[in-house]
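Below: one structure, written as structure tokens.
Numbering (my numbering), first residue to last: 9 to 271.
Printed below as a string of structure tokens:
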């Protein structure tokens, strides 16, 4: 583990401790924490299949206070392609701040993500997003922009929509979602234009549809079965996603279950 990664990890730990310490001093506002473990049939990131024929386990921990939050997330591949062994191959550190007092019920979310990756260069992104819920339909719409600043420069634009429906059983909630991603890459090595390897990819990349059913178990636990379908949005996106996916596919159907503990 390099010195840069160690300093980043220490920074997140210090920030998390600051959030907790601040909660002790504030009588009204208290920090909250969430611990979640996802068990999924495949790891799919922005349309790319980053595992193949193996179950992945993805633990996550989030601490938040007064709109600020930090998150630690990891990916454990139980049968990593190429090594045929189980391997912890990614750890992500996210920090951010959400401000939900904007006009018309809009929320602003800004922050950064540090990707600590196994076997390839780490990367770092900044992001900013706006979201709002339509009062008539209950649909939440969002636009998030990600800017990679490190080894794979480029800008990602994500459009998203989602709607929650209360179910009449066990206080469960059905969540339906859709998100589309546009990639404007500055790195022809990482994301080349399939029609011209000397140019970078720029265009709509994929659309992902999702369905989740969240079932509370007691006061603190939630069990959530989930399923997703991700597919490319153009012929060029077909080629790029196939080349960058371990299963050489441009569409992915995957799912699993998560267990969360929140307080």
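C-beta: ideal position from N, C-alpha, C; glycine also.
Helix, strand or coil at residue 113 [DSSP, three-state]: In this structure, residue 113 counts as helix in the three-state DSSP scheme.
Three or more C-beta pairs below 8 angstroms linking the stretch 152 to 167 and the stretch 131 to 139: The stretch 152 to 167 is in contact with the stretch 131 to 139.
Environment of residue 88 [buried if 16+ CB atoms lie within 10 Å]: Under this definition residue 88 is a buried residue.
Residue 42 versus residue 109: straight-line alpha-carbon distance, rounded: The alpha-carbon atoms of residue 42 and residue 109 are separated by roughly 23 angstroms.
Residue 164 - partner residues in DSSP beta bridges: Looking at the DSSP assignment, residue 164 forms a beta bridge with 154, 191.
Three-state secondary structure assigned by DSSP to residue 44: Correct three-state label for residue 44: strand.
For residue 174 and residue 6, the rounded distance between their alpha carbons: The shown model of the chain, from 9 to 271, leaves out residue 6, and the question about it has no answer.
N- and C-terminal bounds of the beta strand (DSSP E) containing residue 76: For residue 76, the enclosing beta strand (DSSP E) starts and ends at 76 to 85.
First through last residue of the alpha helix (DSSP H) which encompasses residue 197: Here residue 197 belongs to no alpha helix (DSSP H), and DSSP marks it neither H nor E.
Cβ separation of residue 51 and residue 83, assumed to be a contact under 8 angstroms, to the nearest whole Å: Indeed, because the Cβ distance is near 6 angstroms, the residues count as touching under 8 angstroms.
Residue 103 versus residue 79 - alpha carbon distance: Approximately 6 angstroms, taken between the alpha carbons.
C-alpha distance - residue 97 paired with residue 91, whole-angstrom precision: Going by the C-alpha atoms only, they are around 12 angstroms apart.
Span of the alpha helix (DSSP H), counted from its first residue to its last, around residue 248: That run of the alpha helix (DSSP H) goes 243 to 252.
Residue closest to residue 124, alpha-carbon to alpha-carbon, out of 204, 101, 228: Among 204, 101, 228, the Cα nearest to that of residue 124 belongs to 101.
Residue range of the beta strand (DSSP E) that includes residue 344: Since the first residue of the chain shown is 9 and the last is 271, residue 344 is not available in this structure.
Burial state of residue 225, where buried means 16 or more other Cβ atoms lie within 10 Å: Counting Cβ neighbours within 10 Å, residue 225 comes out exposed, since fewer than 16 surround it.
Sheet register partners of residue 148 (DSSP bridge): Residue pairing by DSSP places residue 148 opposite 141, 170 in a beta bridge.
Own chain partners of residue 161 with C-beta closer than 8 angstroms, once the 5 adjacent residues on each side are dropped: Closer than 8 angstroms at the Cβ level, and outside the excluded window around residue 161, lie 193, 194, 195.
Closer than 8 angstroms to chain B by CB, residue 124: No chain B appears in the structure shown, which is made up of a single protein chain.
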